[in-house]
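For the sequence shown, the positions run 154 to 440 when my numbering is used.
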Amino acid sequence: MGDTQPNVNENPGAIKKTISIAILLCGNPSDSTVEKFGSYDVMFRNVFTEALATIPRYEWHPKISLYIRTFNVVLGEFPEIEELDEAASCTNENVIWMDVLRKYLVHLVTVHPLVRLIGICFGHQLIAQAFGGKVVQDKPNSELHEDSVAELPQPVDDDKWVVVGSSDKVKVQGLALCYPTEAPPLPSSVKTSSYIAFDVDDSVTSASGPMPIRNVHVMTLQGHPEFNTAVTENELTALHKDQKLDENAFAAAFKRASEEQDGLETARMLLAMLGVEPALAEEELNL
154 MGDTQPNVNE NPGAIKKTIS IAILLCGNPS DSTVEKFGSY DVMFRNVFTE
204 ALATIPRYEW HPKISLYIRT FNVVLGEFPE IEELDEAASC TNENVIWMDV
254 LRKYLVHLVT VHPLVRLIGI CFGHQLIAQA FGGKVVQDKP NSELHEDSVA
304 ELPQPVDDDK WVVVGSSDKV KVQGLALCYP TEAPPLPSSV KTSSYIAFDV
354 DDSVTSASGP MPIRNVHVMT LQGHPEFNTA VTENELTALH KDQKLDENAF
404 AAAFKRASEE QDGLETARML LAMLGVEPAL AEEELNL
């Protein structure tokens, strides 16, 4: 006799679900940081793995595993669309791979709406720029990077971008593009983001309902959730040593780095966006 398959109706928690994450690598931190803590992709693997292990789950939630791959887009490496479906750089530079990446991101958002996008730091700026936003150099308010989003990108299918966090120094600390909540006319085929509200498996998750963050199609963040205190201090020290950060800015930033970090909480929020909802929806994002 063959292996008996679990009855997901009786025990939906027996379902195993793999979330595929493609890291599009656009650069790396300082050499000393890479030597001590690894490259950006290593840090993201670590923070996502740690975050996944700390997310409380109900027994009926599917068992989640992460499949994380890295693609060095500077060298022309891009994931195939089929793979997705299963900043030492400045965004204002005239570099071919950046132009290719911008077009690739627009293609993913407009043609493959089931693929969610997360842009971190340089990715935050590049995504904004790809959709018509204005990115400028803002050296007086910068620490790790000088680029800053100055004007919001254009709406996508009439869906406006939402600003996630702001301060006196950085007006746009993050952006979110949500799926519309209205249902499409039936029958219809999914062609744009306007036809999707949630891609949640109702048989598994309807008991708690989707979190607001699950309605996010694209999320960008100016900060680095993959950095912990030690990494941040090391990066600041390297920038200060290279005279890219003056004494006052270095002292202020170094002091903030010793404060409690929210990288793990941010990583849990991003995993919730990808479908890993906690047993108690505490990692909500009000949009």
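Glycine included, each C-beta is placed from N, C-alpha and C at the ideal position.
> Could you give the distance in angstroms between the alpha-carbon of ASP184 and the alpha-carbon of PHE197?
Replying inline: Against the sequence shown, residue 184 aligns to sequence position 31. Against the sequence shown, residue 197 aligns to sequence position 44. Looking at the two C-alpha atoms, the distance is approximately 17 Å.
>> Less than 9 Å between the C-beta atoms of MET372 and LEU417, yes or no?
In response: Here residue 372 refers to the residue found at position 219 of the sequence shown. Here residue 417 refers to the residue found at position 264 of the sequence shown. No.
> If you draw a straight line from the alpha carbon of GLY428 to that of ALA420, how long is it in whole angstroms?
Replying inline: For the purposes of this step, residue 428 is taken as the residue at position 275 of the sequence shown. For the purposes of this step, residue 420 is taken as the residue at position 267 of the sequence shown. C-alpha separation (whole angstroms): 12 Å.
> Ordered along the chain, which non-local residues of its own chain (more than five positions away) have a Cβ less than 7 Å from that of LYS189?
Replying inline: What you label residue 189 is simply residue 36 of the sequence shown in a count that begins at 1. Closer than 7 Å at the Cβ level, and outside the excluded window around LYS189, lie ASN387.
> Looking only at C-alpha atoms, which of SER320, VAL325 and GLN282 sits nearest to MET251?
Replying inline: One-based indexing of the sequence shown puts residue 251 at position 98. Residue GLN282 is the option with its Cα nearest to MET251.
> Buried or exposed: which applies to LEU330, given that a residue is buried once 16 or more other Cβ atoms fall within 10 Å of its Cβ?
Replying inline: As a first step, residue 330 is located in the sequence shown; it is residue number 177 there, counting from the start. Looking at its Cβ environment, which holds 16 or more other Cβ atoms inside 10 Å, LEU330 is buried.
> Per DSSP, GLN290 is paired with what?
Replying inline: Numbered from 1 along the sequence shown, position 137 holds the residue referred to as residue 290. DSSP output for GLN290 lists ASP300 as bridge partner(s).
>> Considering only DSSP beta bridges, list what MET372 is partnered with.
In response: Start at 1 with the first residue of the sequence shown, and residue 372 comes out as number 219. Beta-bridge pairing links MET372 to ILE271 and ALA329.
> How would you label GLU379, buried or exposed, when you count the other beta carbons within 10 angstroms and need 16 or more for buried?
Replying inline: Start at 1 with the first residue of the sequence shown, and residue 379 comes out as number 226. It is buried - the Cβ of GLU379 has at least 16 other Cβ atoms within 10 Å.
>> Let me confirm a value: GLN396 is counted as buried when at least 16 other C-beta atoms fall within 10 Å, else exposed. Which label applies?
In response: Here residue 396 refers to the residue found at position 243 when the sequence shown is read from its first residue. Exposed: under 16 other Cβ atoms inside 10 Å.
> Should SER301 go down as buried or exposed, given a rule of 16 or more other Cβ atoms within 10 Å for buried?
Replying inline: The sequence position of residue 301 within the sequence shown is 148, counting from 1. Around the C-beta of SER301, 16 or more other C-beta atoms lie within 10 Å, and the residue is accordingly described as buried.
>> Can you give me the C-alpha to C-alpha distance between LYS287 and ALA303, rounded to a whole angstrom?
In response: Position 134 of the sequence shown, counting from 1, holds the residue named residue 287. Position 150 of the sequence shown, counting from 1, holds the residue named residue 303. When rounded, the distance between both Cα atoms is 5 Å.
>> Spatial neighbours of TYR220 within its chain, please: C-beta separation below 6 Å, excluding the five flanking residues on both sides.
In response: To locate residue 220, count along the sequence shown from 1; it is residue 67. So the list reads THR171 and SER173, once near-sequence residues are dropped.
>> Let's see if you can read the secondary structure: which residues bound the alpha helix (DSSP H) around ALA420?
In response: Residue numbering aside, residue 420 sits at position 267 when the sequence shown is read from its first letter. Note, ALA420: alpha helix (DSSP H), 416-426.
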